[in-house]
Amino acid sequence: MSFNIAELFDLDYWRQLLSVDFFSVPFFINILDILVVWYLVYKLIQMVQGTKAIQLFKGVVMFIAIRFLAEVIGLHTLSWLMDQVITYGVIAAIVIFQPEIRRGLEHLGRTTFFTPTKTEKDQGETMIQAFDKAIQYMAKRKIGALITIERNTGLEEYVETGISLDADITGELLINIFIPNTPLHDGAVIVRNGKVAVSSAYLPLSDSNMISKEYGTRHRAAVGVSEVSDALTIVVSEETGGVTLTLNNQMYNELSQEEYLKLLRDTLVVENTEKSKKNFFRSLLDELNKLSKGGK
């Protein structure tokens, strides 16, 4: 059974689809086809969320909506024009979305069909130990630091503002980056895929009135990035040496070593391990279930 994207804009296709027996095999195949497309679109939106590409993606959706409405109303010239834009726009999209497409293919290549090995959990724990070493050193000496860890939402827009490093995470590296008056200390470190992607990156500042006046730019940047993404951000205050974590628009202040280690493990190790224990097909079913319930 072949599928042509042009059929989505053909009213006869939808009439034929809805006229079939609801309990027939072709009907369930069509439903599965639609659900898989929904899933792919959902993952694509997740991939570009938080990047400049999301604005371009909205433009593509607008073209598709105009094409569909033109077909329904009977505006044949507009419909033909939108067909040309959509057809040749695929080539332009490949060029425009090249970084996101590459990142998505890399993510797909890392997807496992089996349960994870102990090595994956050990890597997460090693990363947390590196964070802990750096935090303890900087907190005692009141060295200001801002470290953002990318999770599901892409941070490409902010990565582009920093100085590329692509280095393994070590406590010594993080300490050296934030030593005052060094070339890389100003701005944020962004961690991506278990590596220090960039330093000296600029994060969006929060305008929230709920943030106390005693907190400075680092804390506002940490809250700001948590408002637009699901990133986990670590802040070390240069005034007090206090440790703050922000996550999902929440700020956890003046954390002890035990408290911030627990939050880091719950977010970066436990959560990822539970997710990776599911095989590919189980993850697909879970995502489809979220979509059917209108979840994100």
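The numbering of the sequence shown is full-length UniProt numbering, which starts it at 1 and goes up by one. By construction, the Cβ of each residue, glycine as well, lies at the ideal position given by its N, Cα and C atoms.
| Item | Value |
| --- | --- |
| Taking the straight line between their C-alpha atoms, what separation do you get for Ile-163 and Ile-34? | 42 Å |
| Beta carbon of Val-191, beta carbon of Thr-126: below 8 Å? | no |
| Could you name the residues that DSSP lists as bridge partners for Arg-192? | Lys-195 |
| Cα separation between Thr-217 and Gly-242? | 15 Å |
| In terms of residues, what are the limits of the alpha helix (DSSP H) holding Ser-226? | 217 to 228 |
| If you reduce the DSSP assignment to three classes, tell me which class Ala-167 lands in. | strand |
| Taking Tyr-137 as the reference, give the member of Met-251, Asp-166, Thr-153, Ile-179 with the closest Cα. | Ile-179 |
| By Cβ distance below 7 Å, which residues in the same chain neighbour Glu-238 in space, the five residues on each side in sequence not counted? | Lys-142, Ile-143, Gly-144 |
| State the start and end residues of the unbroken beta strand (DSSP E) segment that holds Leu-245. | 243 to 247 |
| Quick one: give me the first and last residue of the beta strand (DSSP E) that Val-236 is part of. | 232 to 236 |
| Near Gly-171, what residues of its chain come up, given a Cβ to Cβ distance below 6 Å and the 5 sequence neighbours on each side ignored? | Ala-130, Lys-133, Ala-134 |
| Applying the criterion that 16 or more other CB atoms from any shown protein chain within 10 Å of the CB defines a buried residue, is Ala-65 buried or exposed? | exposed |
| Using DSSP with H/G/I as helix, E/B as strand and the rest coil, what is Thr-148? | strand |
| For Tyr-202, which of helix, strand or coil comes out of DSSP? | coil |
| By Cβ distance, which residues of its chain are closer than 6 Å to Asn-176, with the 5 residues on each side in sequence left out? | none |
| When the Cα atoms are used, what is the spatial distance from Leu-268 to Val-37? | 30 Å |
| Looking at the secondary structure, which residues open and close the alpha helix (DSSP H) in which Lys-142 lies? | Element bounds for Lys-142: n/a, residue is neither H nor E. |
| Does the separation of the CB atoms of Ile-211 and Val-223 fall below 8 Å? | yes |
| Going by the CB atoms, is the gap between Asn-152 and Asp-266 shorter than 8 Å? | no |
| Give the C-beta separation of Tyr-158 and Leu-205 to the nearest angstrom, bearing in mind that I take them to be a contact with Cβ-Cβ under 8 Å. | No, Tyr-158 and Leu-205 are not in contact; Cβ-Cβ is about 12 Å, not under 8 Å. |
| Are Val-196 and Leu-165 touching if we call contact CB-CB under 8 Å? | yes |
| When we look at the beta-carbon of Thr-246 and count the other beta-carbons within 10 Å, is it buried (16 or more) or exposed? | buried |
| Quick one: grab the DSSP three-state call for Met-210. | coil |
| Bridge partners for Gln-250 per DSSP, in chain order? | Leu-247 |
| Tell whether a beta-carbon distance below 8 Å holds between Thr-244 and Leu-255. | yes |
| Measure from the alpha carbon of Asp-83 to the alpha carbon of each residue in Val-95, Phe-68, Val-72, Ile-73, then state which is nearest. | Phe-68 |
| Measure how close the beta-carbons of Gly-194 and Gln-123 come, nearest whole angstrom, since I'm counting them as under 8 Å. | 6 Å |
| How big is the Cα-Cα spacing for Glu-150 and Leu-232? | 7 Å |
| Asp-12 to Asn-30, Cα distance in whole Å? | 15 Å |
| Candidates Gln-257, His-185, Val-25, Met-62: which alpha carbon is nearest Leu-146's? | His-185 |
| For Leu-264, count neighbouring Cβ atoms within 10 angstroms of its own Cβ and tell me buried if that reaches 16, exposed if not. | buried |
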